[in-house]
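Residue numbers (our numbering): 434 to 645. Positions of the beta carbon are idealized from the N, C-alpha and C atoms, including for glycine.
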Ligand code: PRP
Ligand code: URA
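Following this line, the structure appears as structure tokens:
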């Protein structure tokens, strides 16, 4: 992208390149697609948690007392339904004490604007770091709306984790929410006339759940 966004964290790791290439292939079936989404989410999730704050506390090993370093703030994982669900298990492996909130959005096929149909967040969400999960960042409409929900409920620290993004979506998110960090597996060329990412991978929700 011509504009340099300091809060865009674009992954550049051979394992992520390899797994995203397999994810894109049209012959990859739903079972393998789910497995790959899980593995990629784990790898991007590792980077997305790199700057989480720590606090020190005394611990005792079998050998001697020492200082332990523990996560200072709890996390709320927020998958955007449906496709974001495919990233939850991997993130819970990294952050087993997290709560999970769900935001249900689908893109109206005519307008491509997000339509809300479900939202359930933990009551203490505003005390947590929210990590929004969605494999695809196309126009950015869904991500912008999901982040707006979280901000309306008082959340102040928000990260967005996507596997594939279009420049249009990245721009839209940073225009609406310049305080959010985006962790992106791959930045693609752009969108087609139906707001699908090119080269992309097609419809992530349909490929995950076999509803093609
Ligand atoms: C997909 C994807 C994102 C959204 C991205 O969901 O999982 O949520 O599109 O597009 P945008 O950036 O233009 O908003 P979709 O609406 O297809 O719903 P689904 O996950 O239920 O299939
Ligand atoms: N949603 C998807 O699942 N794929 C795209 O390319 C765009 C939006």
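The closest heavy atom of the ligand URA lies 7 angstroms or more from the beta carbon of residue 579.
The C-beta of residue 632 has fewer than 16 other C-beta atoms within 10 Å across all chains shown, which makes the residue exposed. Unbroken alpha helix (DSSP H) stretches of 4 residues or longer found wholly inside the segment 593–618: 600–609, given in chain order. The Cβ-Cβ distance between residue 593 and residue 565 falls below 8 angstroms. The beta carbons of residue 570 and residue 523 sit no closer together than 8 angstroms. For residue 638, the enclosing alpha helix (DSSP H) covers residues 637–642. When the five nearest sequence neighbours on each side are left out, the beta carbons in the same chain lying within less than 6 angstroms of the beta carbon of residue 583 are those of 563, 591, in order along the chain. Relative to the ligand PRP, the nearest heavy atom lies less than 7 angstroms away from the CB of residue 575. When only Cα atoms are considered, residue 609 and residue 515 end up about 23 angstroms apart.
Annotation for residue 457: the continuous alpha helix (DSSP H) segment containing it runs 447–457. With a cut-off of 7 angstroms, the C-beta of residue 616 is classified as distant from the ligand PRP, since no heavy atom of the ligand falls inside that distance. When DSSP reads this structure, residue 549 sits in a beta bridge with 538. The three-state secondary structure of residue 496, taken from DSSP, is coil. Here residue 606 has 570, 573, 576, 577, 580, 593, 613, 615 as same chain residues with Cβ atoms under 8 angstroms from its own Cβ, once five neighbours each way along the sequence are excluded. Comparing alpha carbon positions, the residue from 541, 555, 550, 551 closest to residue 530 is 555.
DSSP places residue 528 outside both helix and strand once states are collapsed to three, so it counts as coil. Between the ligand URA and the CB of residue 636, the shortest heavy atom gap is smaller than 7 angstroms. For residue 478, same chain residues with a beta-carbon under 7 angstroms away, outside a window of 5 residues either side, are 523, 524, 527, 594 in chain order. The three-state reading of DSSP puts residue 573 in coil, since its state is none of H, G, I, E or B. Residue pairing of residue 590 in beta bridges, as defined by DSSP: 562. Contact annotation: residue 444 and residue 480 have beta-carbon atoms nearer than 8 angstroms. Residue 489 sits in a strand when the DSSP states are folded into three classes. Taking the C-beta atoms as reference points, residue 467 is found nearer than 8 angstroms to residue 641.
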